[in-house]
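Structure, as structure tokens:
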Amino acid sequence: MAGRATAPRMHEFGSSGVRGVAFRELSPADALAIAQAAGSVLDAPRLALARDTRLTGQTLADAVASGLTSVGADVDRLGIVPTPALQAYCEAEGVPGVMVTASHNPPEYNGCKLVGSDGVELTRDVLDDVEAAIAAGVEPVAWDATGASREVDGAIRRYREQLVAAVDAAAIADADLTVAIDPGHGAGALASPAIFRELGCRVLTLNAQPDGRFPGRDPEPVETTLGDLQRLVRTSDADLGVAHDGDADRAILVDETGDLIPGGVALAALTDATVAAGDVVVSAVNVTQRLVDVVEDAGASLELTRIGSTYLITAIRDRLAAGDRVPVAGENNGGVLFPDYRVARDGAYTAARFCELLTDAPASEVVAPYDGYANLRRDVPYADEADREAMLEAIAKAAADADAERDETDGIRLDYGDAWVLARPSGTEPVVRVYAEARDADRAETLADWLADVARDAV
15 MAGRATAPRM HEFGSSGVRG VAFRELSPAD ALAIAQAAGS VLDAPRLALA RDTRLTGQTL
75 ADAVASGLTS VGADVDRLGI VPTPALQAYC EAEGVPGVMV TASHNPPEYN GCKLVGSDGV
135 ELTRDVLDDV EAAIAAGVEP VAWDATGASR EVDGAIRRYR EQLVAAVDAA AIADADLTVA
195 IDPGHGAGAL ASPAIFRELG CRVLTLNAQP DGRFPGRDPE PVETTLGDLQ RLVRTSDADL
255 GVAHDGDADR AILVDETGDL IPGGVALAAL TDATVAAGDV VVSAVNVTQR LVDVVEDAGA
315 SLELTRIGST YLITAIRDRL AAGDRVPVAG ENNGGVLFPD YRVARDGAYT AARFCELLTD
375 APASEVVAPY DGYANLRRDV PYADEADREA MLEAIAKAAA DADAERDETD GIRLDYGDAW
435 VLARPSGTEP VVRVYAEARD ADRAETLADW LADVARDAV
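In the working numbering, the protein residues as written are 15 to 473.
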């Protein structure tokens with residue numbers, strides 16, 4: 015007799031899907047139940063499935079495939095591909111998809127991200143329906159209605175071809191660029207080096223062997239993990255360094271001197287090259303002042319959302335539906351969206367668009383107008399929900415006494431005019447994140463350390 019799947023222990027879709035420590039917080043049974051719920055809500059006869067390089071990815075992808083076929087859906091299994099490649103496949107084939115990835119999270123994590131048949135992550139209201147289906151449980155189909163599963167080759171090739179055709183490949187080739195690429199052992203290793211060779215660049219690689227142990231560096235491309243890439247750029251006279259997270263939907267850049275280009279700086283430069291009067295740019299509440307200045311100078315408007323691609327995508331779709339032009343959107347973490355291309359983050363596409371800016375000037379000169387701000391982040395871990403709530407209560411109490419403009423779109427942001435600080439619980443890890451920005455680095459450090467200490471002292 016058919017039975018209902020047990021609801022997973024962790025089923026809330028955060029800012030970028032469901033994530034947790036694999037087999038402990040996100041088990042194969044959890045992945046199966048998520049897939050059954052997604053298959054039931056999306057009600058599509060066929061779905062695509064892909065994963066990044068994590069060691070637990072095959073096991074969890076097998077569970078997802080079982081969940082989808084058990085509710086009658088056929089499954090196209092793409093294997094290890096970047097998230098943007100899955101999205102390109104979903105758009106081209108008109109099928110929804112599931113990406114098994116934990117993006118930038120440590121190697122022991124994994125997760126599930128859901129994509130619609132237009133190649134775009136699902137909006138918040140659809141994710142709410144999936145969560146409700148997980149909680150209720152989903153009845154499998156009869157034995158003779160089981161879906162079929164098949165391996166599909168060529169998804170990365172199709173993605174590469176589409177991306178190269180979407181940028182100014184001739185201008186990039188004429189610039190005669192040397193690009194150093196660090197995919198961090200993630201899924202981008204199978205796509206980005208080839209993409210930039212096809213764009214006419216001389217390509218150097220680092221950490222470009224797919225490896226779910228991530229031996230060369232942590233999956234998150236931040237200053238503390240990119241020292242090797244910076245050294246490679248300096249010693250090889252490369253024009254640009256490109257680093258991806260685990261599923262390659264983000265790109266952090268390094269200029270020709272080996273200096274890291276903060277994600278907010280790259281976003282400001284890309285926006286300045288794209289935005290026009292009357293446009294709308296979408297970003298999150300931890301937006302850098304650099305972007306605010308660019309948008310104001312262009313005569314455009316800026317819409318701020320909660321942090322996370324899900325919230326940005328929902329706002330972009332709402333704006334496009336209202337008839338607004340949204341040429342670019344993104345956050346300070348290297349996740350940039352160009353809605354005219356696809357309403358999705360794409361690390362390789364972002365880096366290629368930045369290469370278009372290097373036809374007349376080196377990277378350091380391209381980003382120089384957007385310098386002058388210090389942007390910091392502090393992560394404060396917590397052990398359980400009680401600790402989390404104690405931290406948030408302490409932060410709220412400290413913020414109540416601050417002489418600053420307060421915003422609670424996502425966490426608590428205090429704007430002092432010359433600087434701002436934001437504290438919020440992460441949507442993907444058990445940490446409270448504290449962000450701060452100011453023209454003076456000491457001022458930014460003081461604000462970031464203040465709220466981080468408040469959170470630590472609370473437990």
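Every residue, glycine too, gets a C-beta built ideally from N, C-alpha and C.
Using the rule of at least 16 other Cβ atoms within 10 Å of the residue's Cβ for burial, across every protein chain shown, is residue i buried or exposed?
i	result
Gln223	exposed
Gly241	exposed
Gly168	exposed
Ala455	exposed
Ala397	exposed
Ala19	Note that Ala19 has pLDDT 40, beneath the 50 cutoff, so the model's placement of it is unreliable and no number is given.
Lys127	buried
Arg333	buried
Regarding residue i and the ligand HEM, is the C-beta to nearest heavy atom distance less than 8 angstroms?
i	result
Glu419	This structure does not include the ligand HEM; it has no bound ligands of any sort.
Can you tell me where the alpha helix (DSSP H) with residue i in it begins and where it stops?
i	result
Ser84	Gly71 to Ser84
Pro42	Pro42 to Leu56
Asp401	Glu399 to Ala414
Pro439	No alpha helix (DSSP H) holds Pro439; the beta strand (DSSP E) holding it covers Ala433 to Pro439.
Arg248	Gly241 to Ser250
Ser11	Missing from the structure shown is residue 11; the chain here goes from 15 to 473 and no further.
Gly12	Nothing can be reported for residue 12, as the shown portion of the chain is limited to 15 through 473.
From which residue to which residue does the beta strand (DSSP E) around residue i run?
i	result
Leu254	Leu254 to His258
Pro395	Ala388 to Pro395
Arg91	Asp88 to Ile94
Thr219	Arg216 to Thr219
Val381	It is not in any beta strand (DSSP E) - Val381 instead sits in the alpha helix (DSSP H) that spans Ala377 to Val381.
Where does residue i fall in DSSP's three states?
i	result
Tyr449	strand
Asp454	coil
Thr20	With a pLDDT of only 41 at Thr20, under 50, the local geometry of the prediction cannot be trusted, and no value is derived from it.
Met15	Reliability fails at Met15, whose pLDDT of 35 lies under 50, so the model's placement of it is uncertain and no value is given.
Val308	helix
Ile275	strand
Asp354	coil
Gly313	coil
Ala194	strand
Val155	coil
Cys126	strand
Leu318	strand
Arg227	coil
Is the beta carbon of residue j closer than 9 angstroms to that of residue i?
i	j	result
His199	Gly230	yes
Tyr173	Ala99	yes
Glu107	Asp90	yes
Leu136	Thr192	no
Leu390	Glu459	yes
Ala64	Val85	no
Thr341	Pro395	Note on identity: in this sequence residue 341 is Pro, with Thr being the wrong assignment. Cβ distance not < 9 angstroms, so Pro341 and Pro395 don't count as in contact.
Val448	Ala433	no
Thr70	Phe37	yes
Gly53	Gly31	no
Gly322	Ala298	yes
Arg356	Val350	no
Ala262	Thr97	yes
Asp232	Pro121	yes
Comparing alpha-carbon positions, which option in the options lies nearest residue i?
i	options	result
Gly214	Ala87, Ser80, Cys369 and Ala388	Cys369
Asp269	Asp261, Leu136, Val301 and Ala194	Ala194
Arg402	Trp434, Phe352, Cys126 and Ala466	Ala466
Gly348	Ile266, Ala375 and Leu274	Ile266
Leu74	Ala58, Leu56 and Gly34	Gly34
Ala413	Ala437, Thr423 and Pro395	Ala437
Thr271	Val381, Ile148 and Asn346	Val381
Thr160	Pro59, Val306 and Ala280	Pro59
Val178	Val152, Ala388, Gly337 and Ile209	Ile209
Arg68	Phe352, Val129 and Gly226	Gly226
Asp374	Ala79, Thr328 and Asp188	Asp188
Glu310	Ala183, Ala282 and Asn119	Ala282
Leu46	Asp143, Asp158, Ala147 and Val217	Ala147
Gly337	Ala183, Glu379 and Val294	Val294
Is there at least one Cβ from chain B nearer than 9 angstroms to residue i's Cβ?
i	result
Leu372	Here chain B cannot be found, since the structure has a single protein chain.
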